[in-house]
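Chemist: All residue numbers in the sequence shown are consecutive under our numbering, ending with 605.
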Amino acid sequence: MDVARLKRLRWRCRRGMRELDLLLEPWLARHGETMDTAALAEFERFLDCPDMDLHDWLTGRSEPGDPHFAELIAHIRAPAPPF
């Protein structure tokens, strides 16, 4: 695991929109260390999108045109496992 890359991703999850922060940061904390290089690259590409697009996709207001993003969004929106 590339620790520096994961730290950069954690920082990028801080979007300035509380709603996004509450979804992205905990999800990355749960899954980041087990993601392979391709999944990390896809998540980085996802984070390159504008905040309003991310917000609309994650809240179900609209659907992304990219099927990889749709799969990632479904994973992020899935309930967290109980403690």
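In this text, a Cβ means the ideal position worked out from N, Cα and C, and glycines have one as well.
#1: Just tell me which of Asp558, Leu562, Gly538, Arg532 has its CA closest to the CA of Pro548.
#2: Starting from the N-terminal side, write out each stretch of the alpha helix (DSSP H) that is 4 residues or longer and does not extend beyond the stretch 534-561.
#3: Between which residues of its own chain and Pro586 is the CB-CB distance below 6 Å, once the five residues before and five after are set aside?
#4: Find out if the Cβ-Cβ distance for the pair Leu544, Phe568 is shorter than 8 Å.
#5: Check the C-beta distance from Glu669 over to Leu528 and give it rounded, since I have them as a contact under 8 Å.
#6: Please report how far the alpha carbon of Asp575 lies from the alpha carbon of Arg537, in whole angstroms.
Modeler: So, to answer that:
#1: Arg532
#2: 540-553
#3: Trp579, Ala592
#4: no
#5: Examination of residue 669 is not possible in this model, given that the chain is present from 523 through 605 alone.
#6: 12 Å
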